[in-house]
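Taking it in order: structure first as structure tokens, then the write-up.
Numbering (UniProt numbering), first residue to last: 1 to 92.
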């Protein structure tokens with residue numbers, strides 16, 4: 001089974017998500033931004049979600065994680081939890 005590792009951050013608004021993405025694209029560290037802004041408990045670990053397989057995350061999240069290029073910030077991705085930025089760090 002394919003496994004991926006990824007990190008993410010979760011916020012409540014699409015606008016905030018887009019602003020944070022721009023800061024990351026401008027050079028801010030993804031992990032530090034997750035620690036500062038993410039409402040998910042994984043934020044304390046810089047957004048690290050560890051390793052997981054298809055179907056272990058919500059559908060919208062899975063679709064991005066198992067198709068996006070590695071090490072590129074993806075999002076905003078809307079799920080039932082809010083708006084995510086995702087970065088797939090490995091897949092195989």
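The beta-carbon is built from N, C-alpha and C at its ideal position, and this holds for glycine as well. Everything numeric in this text was worked out from a predicted model, so none of it was measured.
request  = Would you give the residue range spanned by the alpha helix (DSSP H) that residue 31 belongs to?
outcome  = 30-37
task = Could you please give the first and the last residue of the uninterrupted alpha helix (DSSP H) stretch that includes residue 74?
result = No alpha helix (DSSP H) contains residue 74, which is instead part of the beta strand (DSSP E) from 73-79.
ask   = Hey, how far is the Cα of residue 60 from the Cα of residue 79?
value = 6 Å
key: Residues near residue 3 in its chain [Cβ-Cβ closer than 6 Å; skip 5 each side]   = 51 and 53
key: 8 Å Cβ cutoff, residue 88 in contact with chain C   = Absent here is chain C; the protein component of the structure consists of one chain.
request  = Could you work out which residue in 85, 28, 73 and 66 is closest to residue 38 when comparing CA atoms only?
outcome  = 85
ask   = Would residue 22 be called buried (16 or more neighbouring beta carbons within 10 Å of its own) or exposed?
value = exposed
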